[in-house]
Structures are given as C-alpha cells and as structure tokens.
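Its first residue numbered 1, the sequence shown is counted upward by one per residue in UniProt numbering. The beta carbon of each residue, even a glycine, is placed where N, CA and C say it ideally should be.
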Amino acid sequence: MWIIIQFGLVTILLLFSTLAAWYEGSAILDNPWEWKHSTPFSQMLYGQVHSKSHISQLDYFVYSAKFHPIFPSIMAISSLYLLILIGYYFLKPQHKRFAYFLLILGGGLFLLSYFFINSPSTGGKIFFYIWLVSGSLCTVTAIITYFQVLNRNKKDIKKWN
Numbered sequence: 001m002w003i004i005i006q007f008g009l010v011t012i013l014l015l016f017s018t019l020a021a022w023y024e025g026s027a028i029l030d031n032p033w034e035w036k037h038s039t040p041f042s043q044m045l046y047g048q049v050h051s052k053s054h055i056s057q058l059d060y061f062v063y064s065a066k067f068h069p070i071f072p073s074i075m076a077i078s079s080l081y082l083l084i085l086i087g088y089y090f091l092k093p094q095h096k097r098f099a100y101f102l103l104i105l106g107g108g109l110f111l112l113s114y115f116f117i118n119s120p121s122t123g124g125k126i127f128f129y130i131w132l133v134s135g136s137l138c139t140v141t142a143i144i145t146y147f148q149v150l151n152r153n154k155k156d157i158k159k160w161n
C-alpha cells in the first residue's frame, strides 16, 4: 500500500514540475538571441531557427533547465525516484538483480554528469551535481545491497551445513 502512495505522490510532483518547467521555458519565444544556443531539438529538425514557429516544445525544457533550473531539477529528481521505485517494485524479491539495476543506473547517471561537467550555465552546473550525486548514491546503494545478499547467502549456507 505504501508503495502505491509513493507512486501517486511522485507522479503528481513530476506532472506539476513538468508543467511548471514547460511554462517557464516558453520564455524562449521572447528571447531570439538565445535561439542559437538553447534550441538543440529545433536545430536538429529545422536547421537554424529563424522564427518562433520553428521552436520545438522540447526546447522549452532546455531553456528552462539553463535559466530557471528549479522545476527541471525537481522533474529530474522525481523522474529518477520514480524509476528507482519501479525497479524496486519489480525486482524486490530478487535483491541481486536490483543491485545490478542500481549499478547500471548509477553508471548512466555518471555518464550524464560527464556531459554537463563544463557547462557555463547555472542550470548546467546544477544538473552536473544532481547526476553526480545521484549516480554516487545509486552505486553505493547497489554495492551495499549486493554485499548484503552475499552475506545473507553465506549465512544460509553455513546454517545448512
């Protein structure tokens, strides 16, 4: 029951922060001087952006993350929490697999932090630390979980001998 409440609360938080980040990011429409630097998705689709109509909705999140990082940060953390919660729910009986899941997730988060390591914007620096700390926590939790499983298995073997 408690896990369902967590799913519900984190989903509501994720939806709220997504809407807020999307709204804050829509300010890019009023800043044409930023179109060259904050519209990677639009540039992939249309090449150079010359008008508001060429700006992708995904670029709203890029702009928001660069210049108004509070809601995108909440979005990232709640998404990560939801992902870990889903992994825990499905892999709860298999602690070793959950440890592997966390280890792979931690590696992915370290990789994400690498992409933000030299970011000149405040938002980029915040995301660097979010990914770095989250990757560290996932990796440490994976190692602890893995060794708890090994220790439990050793005790079970000794008990049966």
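With 16 as the cutoff for other CB atoms within 10 Å, does residue i come out buried or exposed?
i           : result
residue 111 : exposed
residue 44  : exposed
residue 98  : buried
residue 133 : exposed
residue 140 : exposed
residue 60  : buried
residue 109 : buried
residue 19  : exposed
residue 147 : exposed
residue 80  : buried
Helix, strand or coil for residue i per DSSP?
i           : result
residue 94  : coil
residue 69  : coil
residue 162 : The question about residue 162 has no answer here: the residues shown for the chain are numbered 1 through 161.
Beta-carbon within less than 6 Å of residue i's beta-carbon, same chain only, minus the 5 sequence neighbours each way: which residues are those?
i           : result
residue 105 : 138
residue 69  : 123, 126
With a threshold of 7 Å on Cβ separation, who are the neighbours of residue i within its own chain once the five nearest residues in sequence on each side are excluded?
i          : result
residue 52 : 29
Tell me which residues share the same chain as residue i and place their Cβ nearer than 8 Å to its Cβ, disregarding the 5 neighbours each side in the sequence.
i          : result
residue 40 : 59, 62
residue 55 : 28, 29, 35, 39, 42, 49
residue 84 : 102, 105, 138
With a threshold of 7 Å, establish whether the CB of residue i neighbours any heavy atom of the ligand NAD.
i          : result
residue 90 : The ligand NAD is not among the ligands present in this structure, which contains no ligands whatsoever.
Tell me the start and end of each unbroken alpha helix (DSSP H) in the segment 30-57 that is at least 4 residues and wholly inside, in chain order. 35-38, 40-46
May I have a chain-ordered list of the beta strand (DSSP E) segments no shorter than 3 residues that lie completely inside the segment 116-153? none
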